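Remarks on the structure that follows.
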Amino acid sequence: MANINHLMLMQMLSELETKGFLTVEVFGKGKKPYKRLVYKMEEGAKAIRDYESLLEKLGETT
Numbered sequence: 165m166a167n168i169n170h171l172m173l174m175q176m177l178s179e180l181e182t183k184g185f186l187t188v189e190v191f192g193k194g195k196k197p198y199k200r201l202v203y204k205m206e207e208g209a210k211a212i213r214d215y216e217s218l219l220e221k222l223g224e225t226t
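Next comes the structure, spelled out in structure tokens:
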């Protein structure tokens with residue numbers, strides 16, 4: 165079940181990036197590069213907060 169929720173969150177990020185609300189910056193190389201969400205508009209800031217909230221809830225349920 166957690167995999168399905170993770171896929172939904174990744175799809176949500178992809179849609180928000182396509183709409184131009186936010187971007188994902190990647191730093192470093194290798195197996196685990198550091199990723200950071202950066203908002204471009206105020207809607208993006210709210211979207212990041214919503215995404216982080218969903219991610220926390222997902223962590224509590226697994």
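Numbering (this note's numbering), first residue to last: 165 to 226.
Every residue gets a Cβ at the ideal spot worked out from N, C-alpha and C, and that includes glycine.
Just so we're clear, the structure is a prediction, and the values are computed from it rather than from any experiment.
| Item | Value |
| --- | --- |
| Is it right to say Gly-208 is buried, meaning 16 or more other beta carbons lie within 10 angstroms of its own, or is it exposed? | buried |
| Which of the three DSSP states, helix, strand or coil, is assigned to Lys-196? | coil |
| Is the segment 176 to 183 touching the segment 200 to 217, taking contact as three or more C-beta pairs under 8 Å? | yes |
| Pull up the CB-CB distance for Leu-173 and Leu-219, whole angstroms please, since I reckon it's below 8 Å. | 6 Å |
| Could you say which of Gly-192, Lys-193, Met-176 lies nearest to Phe-185 if we only look at CA atoms? | Met-176 |
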